[in-house]
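Asks: Just so you know, our numbering puts 83 at position 66 of the sequence shown, and the rest follows in order with no gaps. All C-beta atoms, glycine included, are put in the ideal place defined by N, C-alpha and C. Following this message is one structure expressed as structure tokens.
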Amino acid sequence: MRKTALGMALMAFLSVGCAPMMPAPADRIQTLPVVKMGEAFPSGTEYVLYIPANSPIPIKIATQGTLLKNEQSVVGSTSFTRDLYIYKYWSSYDRKTWENSHRLLNVSFAGGMDASGLNVNVTLDQNR
18 MRKTALGMAL MAFLSVGCAP MMPAPADRIQ TLPVVKMGEA FPSGTEYVLY
68 IPANSPIPIK IATQGTLLKN EQSVVGSTSF TRDLYIYKYW SSYDRKTWEN
118 SHRLLNVSFA GGMDASGLNV NVTLDQNR
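Encoded structure:
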């Protein structure tokens, strides 16, 4: 009984952990509503996030923690150089060819402190 429970738990863990490695469910994605960034998203249903090229993308950075005397937030805006569609673990430039987001995009976060203050850097590059 214990081996069966352990085996089932391991299978569940592996199936969840491997989900991003599975092929994108392109047929299912095509049936989902597309929501442009900044628009209201449908409550209680899945959707594809659409970020059009050259449209504003809000950036929100917040600081918090026990070492800080007060919380702060900074709001800015940027834009992408090309269209991007996102659904769960998958991304697409044309809503036809879906790839694991980590293969299509490279996102990195870095931060630290020096004499100029607290620095936060976010890099987002195209892998393809």
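Am I right that A53 and Y64 are in contact with their C-beta atoms under 8 angstroms? What's the rounded C-beta distance?
Replies: Looking at the sequence provided, one finds Lys at residue 53 rather than Ala. So it is not a contact: roughly 10 angstroms between Cβ atoms.
Asks: Identify, in the order they occur along the chain, each residue of the same chain with its Cβ nearer than 6 angstroms to the Cβ of F126, setting aside the five sequence neighbours on each side.
Replies: V139
Asks: Using the rule of at least 16 other Cβ atoms within 10 Å of the residue's Cβ for burial, across every protein chain shown, is L101 buried or exposed?
Replies: L101 comes out buried.
Asks: Would you mind sorting A79 into buried or exposed? The rule is 16 or more other CB atoms within 10 Å of its CB.
Replies: exposed
Asks: Going along the chain, which unbroken runs of the beta strand (DSSP E) with 3 or more residues stay wholly within the region 40-86?
Replies: 51-53, 65-68 and 74-80
Asks: How do the region 118-138 and the region 92-100 stand: do at least 3 beta-carbon pairs fall below 8 angstroms, yes or no?
Replies: no
Asks: Measuring only the C-alpha atoms, how far is D4 from S109?
Replies: Absent from the structure is residue 4, since the part of the chain shown begins at 18 and ends at 145.
Asks: Please state if the CB of R99 and the CB of L121 are separated by a distance shorter than 9 angstroms.
Replies: no
Asks: Reducing DSSP to helix, strand and coil, say where S133 ends up.
Replies: In the structure shown, S133 sits in coil (DSSP, three-state: anything other than H, G, I, E or B).
Asks: With DSSP as the reference, label S118 as helix, strand or coil.
Replies: helix
Asks: Just to confirm, is the Cβ distance from N117 to A41 under 9 angstroms?
Replies: yes
Asks: Quick one, which of G82, I76 and K105 has its alpha-carbon nearest V91's?
Replies: I76
Asks: List the whole-angstrom C-beta distance separating Y104 from L141, where the pair is believed to meet the contact cut-off of C-beta under 8 angstroms.
Replies: Actually they are not in contact, since the Cβ atoms of Y104 and L141 sit about 18 angstroms apart, beyond 8 angstroms.
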